[in-house]
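What follows is one structure encoded as structure tokens, with my remarks underneath.
Protein chains: 2
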Amino acid sequence: MNFIEGFSKFNKTQKINWLLDNMKVDQGTTLIETKYIDDALQKRFENFSENTIANFHLPFGIAPNFLINDKVYSIPMVTEESSVVAASCKAAKFWNEHGGFKAYTKSMTKVGHVYFTFDLSSEIIEKVFKDNIERLLNCTRAISLNMDKRGGGIKSLELLPLDKLSNTYKLELRVNTCDAMGANFINSLLEAMSAEFRKIVIENHFENHFEIIFAILSNYTPECLVEASVALNLNQINEIDGMSAQHFFSKFKKAVDIAKFDKFRATTHNKGIMNGVDSVVIATGNDFRATEAAAHSFACKDGIYKSLSEAEIVDHFFTFKLSLPLALGTVGGLTNLHPLASLSLDMLGKPSASELMQIAASVGLAQNFSAIRSLITTGIQKGHMKMHLLNILDQLGASVSQIEDAKKHFSDKVVSFQAVRDFLN
Amino acid sequence: MNFIEGFSKFNKTQKINWLLDNMKVDQGTTLIETKYIDDALQKRFENFSENTIANFHLPFGIAPNFLINDKVYSIPMVTEESSVVAASCKAAKFWNEHGGFKAYTKSMTKVGHVYFTFDLSSEIIEKVFKDNIERLLNCTRAISLNMDKRGGGIKSLELLPLDKLSNTYKLELRVNTCDAMGANFINSLLEAMSAEFRKIVIENHFENHFEIIFAILSNYTPECLVEASVALNLNQINEIDGMSAQHFFSKFKKAVDIAKFDKFRATTHNKGIMNGVDSVVIATGNDFRATEAAAHSFACKDGIYKSLSEAEIVDHFFTFKLSLPLALGTVGGLTNLHPLASLSLDMLGKPSASELMQIAASVGLAQNFSAIRSLITTGIQKGHMKMHLLNILDQLGASVSQIEDAKKHFSDKVVSFQAVRDFLN
Numbered sequence: 347m348n349f350i351e352g353f354s355k356f357n358k359t360q361k362i363n364w365l366l367d368n369m370k371v372d373q374g375t376t377l378i379e380t381k382y383i384d385d386a387l388q389k390r391f392e393n394f395s396e397n398t399i400a401n402f403h404l405p406f407g408i409a410p411n412f413l414i415n416d417k418v419y420s421i422p423m424v425t426e427e428s429s430v431v432a433a434s435c436k437a438a439k440f441w442n443e444h445g446g447f448k449a450y451t452k453s454m455t456k457v458g459h460v461y462f463t464f465d466l467s468s469e470i471i472e473k474v475f476k477d478n479i480e481r482l483l484n485c486t487r488a489i490s491l492n493m494d495k496r497g498g499g500i501k502s503l504e505l506l507p508l509d510k511l512s513n514t515y516k517l518e519l520r521v522n523t524c525d526a527m528g529a530n531f532i533n534s535l536l537e538a539m540s541a542e543f544r545k546i547v548i549e550n551h552f553e554n555h556f557e558i559i560f561a562i563l564s565n566y567t568p569e570c571l572v573e574a575s576v577a578l579n580l581n582q583i584n585e586i587d588g589m590s591a592q593h594f595f596s597k598f599k600k601a602v603d604i605a606k607f608d609k610f611r612a613t614t615h616n617k618g619i620m621n622g623v624d625s626v627v628i629a630t631g632n633d634f635r636a637t638e639a640a641a642h643s644f645a646c647k648d649g650i651y652k653s654l655s656e657a658e659i660v661d662h663f664f665t666f667k668l669s670l671p672l673a674l675g676t677v678g679g680l681t682n683l684h685p686l687a688s689l690s691l692d693m694l695g696k697p698s699a700s701e702l703m704q705i706a707a708s709v710g711l712a713q714n715f716s717a718i719r720s721l722i723t724t725g726i727q728k729g730h731m732k733m734h735l736l737n738i739l740d741q742l743g744a745s746v747s748q749i750e751d752a753k754k755h756f757s758d759k760v761v762s763f764q765a766v767r768d769f770l771n
Numbered sequence: 347m348n349f350i351e352g353f354s355k356f357n358k359t360q361k362i363n364w365l366l367d368n369m370k371v372d373q374g375t376t377l378i379e380t381k382y383i384d385d386a387l388q389k390r391f392e393n394f395s396e397n398t399i400a401n402f403h404l405p406f407g408i409a410p411n412f413l414i415n416d417k418v419y420s421i422p423m424v425t426e427e428s429s430v431v432a433a434s435c436k437a438a439k440f441w442n443e444h445g446g447f448k449a450y451t452k453s454m455t456k457v458g459h460v461y462f463t464f465d466l467s468s469e470i471i472e473k474v475f476k477d478n479i480e481r482l483l484n485c486t487r488a489i490s491l492n493m494d495k496r497g498g499g500i501k502s503l504e505l506l507p508l509d510k511l512s513n514t515y516k517l518e519l520r521v522n523t524c525d526a527m528g529a530n531f532i533n534s535l536l537e538a539m540s541a542e543f544r545k546i547v548i549e550n551h552f553e554n555h556f557e558i559i560f561a562i563l564s565n566y567t568p569e570c571l572v573e574a575s576v577a578l579n580l581n582q583i584n585e586i587d588g589m590s591a592q593h594f595f596s597k598f599k600k601a602v603d604i605a606k607f608d609k610f611r612a613t614t615h616n617k618g619i620m621n622g623v624d625s626v627v628i629a630t631g632n633d634f635r636a637t638e639a640a641a642h643s644f645a646c647k648d649g650i651y652k653s654l655s656e657a658e659i660v661d662h663f664f665t666f667k668l669s670l671p672l673a674l675g676t677v678g679g680l681t682n683l684h685p686l687a688s689l690s691l692d693m694l695g696k697p698s699a700s701e702l703m704q705i706a707a708s709v710g711l712a713q714n715f716s717a718i719r720s721l722i723t724t725g726i727q728k729g730h731m732k733m734h735l736l737n738i739l740d741q742l743g744a745s746v747s748q749i750e751d752a753k754k755h756f757s758d759k760v761v762s763f764q765a766v767r768d769f770l771n
């Protein structure tokens, strides 16, 4: 590649042409092969981000028959990973016969901060803050007017020192953003408050001892928390996957406990949960980096990184539950701008943010249940390998009869690209 | 929604029709509006996952002019978040004038485990393991033959007790998977080894004291680690964004330090890094849930969750670096199956997995640099709001002249859907 000046000013065709010229690989057709038929929609889509040259596509699938809080959902899922949608469907089917998923939103508070330094005694800045707290709150009234009307807005404002960093403080703003994810809203509040706080400090003649470092929302949202759970009476099941209910669920609990105490397993265990959660997050136009950061950061809230879900067996009752910080929106952002995100929300019956949190957490728990179920019985590869084999066969241009032969041949063998190619030759 | 039997057996059209009938919302056109012109490609794509009814699309953008290890890259990025590509471009431009990004791969070892319980003394199982380690390694020879030829394969096999869970152990397998992400490979090795280990235990008559719980790779990859860094001499810069170099970079360091000591900030700081990393991960057909889990789990390796990047100023030298566990592949999986992933890899000059790790980490560091630069100068909203305003105007169907008026009006005001609608009316 070469350096290029003014690339962002090129139109889309110029960008593509420059790339292809510089790559010396002719992939032009592939590049432009998927796009909206409707030009206006295509243009809107391209404006989501910068320098867009194509529509990168991921499979948009459906997991029907999810019973959550006694309501049936068909769940939109976007994932490129094979077996994820199938695993969700399988878990949904199993739990339908045992009352389905129960989920509730524990809290919906989000948080943001203005970080600053102050090198005189903390009592001074505490007094300045205390004397001006109403002014700080008032300066954001215009911004939060509409959110206030919808029952949201600022819940609290505090001044806190940063324990381990001397002369450093934060204003901590706690906010309810109703059905919006609210990142822009919170950041706007914080930047307004930051500017006002600076004015106040200058008016109090402390400007030489003070500096605003920055103002920003936090993606760590332990107070925007949802819990999803399933439960059953072991006595009501004879066997599952050829094991007694007692044996299956004891082994299941052991598998979850391992993820509580072993970081190597905990990471993958939670990754599996997020396979489910993120597929709903993306399908509904939400930001998966935010949900990922919150989930994994929450997973180490006690100083060791551990599983987000827990299993218990008490008096023949098995319960399996997931607590997850999940800051989602069902209005604003891309939720209305992306036509498939909008379709996803329609498919879910236009849920509130709280309801969407419950749905996503339930899918995360479903995913976790199916993964562990496979792991402790057939092993994870059986489900994965079926699709893996079909993908490889497709890529190698296998005929219908070759595909059938290969399916039989590999039913008890390890699938790899090389092995499949060898088999076909 | 209603329950539906046999949904997975429906063809795509039947699935879509059932959905639309049950949603009572007519969105059929939107649903099928983007797809491949080539039917075979479309069919292959739909087979990545289950119950696929549409191609969910995200913007595929380009960040040109990235200088990494003295080589110029145009970086493919898939992200729905506005400002991410622009921020990467801005950071690339700044660092081009200061030697660009330096990145190196510290190690490329991945890890997987067979977890099991054993309720006799640990010496017994340790002896069984020790006596049979060659047999355990040999049982996987057929699976790892091709990987061995390419210089990869098994690096070590150990038996370890789980400290906090009594009678519970793991076989820890350390593997080099060359340019493959290697999940299928590692899981296949582990399942073969797990079956063989079970046989061995039975042959030793300990089967009543032993149970395999499961075998699975770990997404926690602290030994598959890459470091990216930038550095400059403060004396070579007069000013940046209206601040002296000394002031700017001291404030920058302070901002990074806050993310070292404050979990609320660390989560968002790392989220910003992953905005960049994941955009490359997705564009190249890799699994972002895996990279997210590894990154955030690594962020709390010392018992507190903290920033993945670090800034230092020593003797007028500023350095900013990012250490990240990053298990990526450039062969296998979707890297060849997804035409745009394949294009991305061509665009990057068909990199090795190690080179791709260096590229993705550099983009993560670039993203982090630009985000902090905005935060400590203009604030984060200025960049975000520009695109946010354009999206809202587009959605409200604003005319060209209305768009120009709105841009002027909102240049110093907070953008919200309501505010823009009010302005237009």
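The listed protein sequences correspond, in order, to chains A and B. Reading the first sequence from the start, the letters are residues 347 to 771 in the working numbering. Reading the second sequence from the start, the letters are residues 347 to 771 in the working numbering. The beta carbon of each residue, even a glycine, is placed where N, CA and C say it ideally should be.
Under 9 Å from the C-beta of A/PHE607: neighbouring residues of chain B: LEU508, ASP509, LYS510, LEU511, THR514
For the region 626-639 of chain B, which residues have a CB atom closer than 8 Å to at least one CB atom of chain A, in sequence order? ILE628, ALA629, GLY631, ASP633, PHE634, ARG635, ALA636, GLU638, ALA639
Smallest Cα separation from B/ALA657: which of B/TYR419, B/ALA577, B/THR637, B/HIS684? B/ALA577
Under the rule that 16 or more other beta-carbon atoms within 10 Å means buried, what is A/THR630, buried or exposed? Taking all protein chains shown into account, A/THR630 has 16 or more neighbouring C-beta atoms within 10 Å of its C-beta and is therefore buried.
Nearest neighbour of B/GLN727, chosen from A/ALA449, A/LEU535, A/LYS355 [CA to CA]: A/LEU535
Taking 6 Å as the limit between beta carbons, can you name the residues of its chain near A/LYS361, skipping five residues before and five after? ILE399
Please confirm if the region 575-594 of chain B is in contact with the region 656-672 of chain B, defined as three or more CB-CB distances below 8 Å between the two stretches. yes
Closer than 9 Å to chain B by CB, A/GLU518: Chain B places a beta carbon closer than 9 Å to that of A/GLU518, counting this residue as a contact.
What does the alpha-carbon distance come out to for the pair A/GLY497 and A/GLY679? 20 Å
Could you give the DSSP three-state label for A/ASN581: helix, strand or coil? helix
Spell out whether any CB of chain A is found under 9 Å from the CB atom of B/GLY445. No, because no Cβ of chain A sits closer than 9 Å to the Cβ of B/GLY445.
Cβ of B/LEU674 within 9 Å of Cβ of B/MET539? Between B/LEU674 and B/MET539, the C-beta spacing is not below 9 Å.
CB contact below 9 Å: A/LYS389 versus chain C: Absent from the structure is chain C; the protein chains it does hold are A and B.
Any C-beta of chain B sitting closer than 9 Å to the C-beta of A/ILE650? yes
Against chain B, with Cβ distances strictly below 9 Å, would A/GLU658 count as a contact? no
Reduced DSSP secondary structure (H/G/I, E/B, other) of B/SER609: Residue identity differs from the one stated: residue 609 of chain B is Lys in this sequence, not Ser. Helix.
State the CB to CB distance for the pair B/LYS336 and B/ILE532, rounded to an integer number of angstroms; the pair is presumed to be in contact (CB under 8 Å). Residue 336 of chain B falls outside the range modelled here, since chain B spans only 347 to 771, and no answer is possible.
Here's the rule I'm using: 16 or more other beta-carbon atoms within 10 Å means buried, otherwise exposed. How should B/ALA752 be labelled? buried
Going by Cα to Cα distance, which pick from B/SER757, B/VAL709, B/LYS754 is closest to B/ILE619? Its Cα nearest to that of B/ILE619, the residue B/VAL709 stands out among B/SER757, B/VAL709, B/LYS754.
Just by C-beta distance, which residues in the region 724-742 of chain A are closer than 8 Å to chain B? Per Cβ criterion, the list reads GLY725, ILE726, GLN727, HIS730, MET731, MET733, HIS734, LEU736, ASN737, ASP740, GLN741.
DSSP state of A/THR375 mapped onto helix, strand, coil: Interpretation of A/THR375 is limited by its pLDDT of 47, a score under 50 that renders its predicted location unreliable; no figure is taken from the coordinates.
Where does A/HIS403 sit, in a helix, a strand or coil, going by DSSP? strand
Counting contacts by CB-CB distance shorter than 9 Å, is A/LYS597 in contact with chain B? yes
Using CA atoms only, rank isn't needed, just tell me which of B/ALA706, B/ARG719, B/THR723, B/VAL746 is closest to B/LYS448. If we check each option's Cα against that of B/LYS448, B/ALA706 comes out closest.
Please confirm whether B/LEU672 has its beta-carbon closer than 9 Å to some beta-carbon of chain A. no
Tell me which residues share the same chain as B/GLN592 and place their Cβ nearer than 7 Å to its Cβ, disregarding the 5 neighbours each side in the sequence. LEU580
Assigned exposure category for B/ARG719 - 16 Cβ within 10 Å defines buried: buried
Going along the chain, which residues of its own chain have a beta-carbon closer than 7 Å to the beta-carbon of A/ALA744, five neighbours each way excluded? ALA752, LEU770
Endpoints, the alpha helix (DSSP H) within which B/HIS459 is located: Careful: B/HIS459 lies outside any alpha helix (DSSP H), inside the beta strand (DSSP E) at 448-464.
Could you tell me whether any Cβ in chain A is nearer than 9 Å to the Cβ of B/LYS448? no
Rounded to whole angstroms, what's the CA-CA distance from A/ARG481 to A/LEU505? Just pull it up for me. 14 Å
For A/ILE479, does the three-state DSSP call read helix, strand or coil? helix
Have a look at A/GLY695, A/PHE560, A/ASN415 and flag the residue whose alpha-carbon is nearest the alpha-carbon of B/MET347. A/GLY695
Neighbouring residues, chain B, relative to A/ASP367 (Cβ below 8 Å): The contacting residues do not exist; A/ASP367 stays about 11 Å from chain B at best.
Return no unless some Cβ of chain B is closer than 9 Å to the Cβ of A/PHE402. yes
Using the C-alpha atoms, what's the distance from A/GLN764 back to B/ILE489? 10 Å
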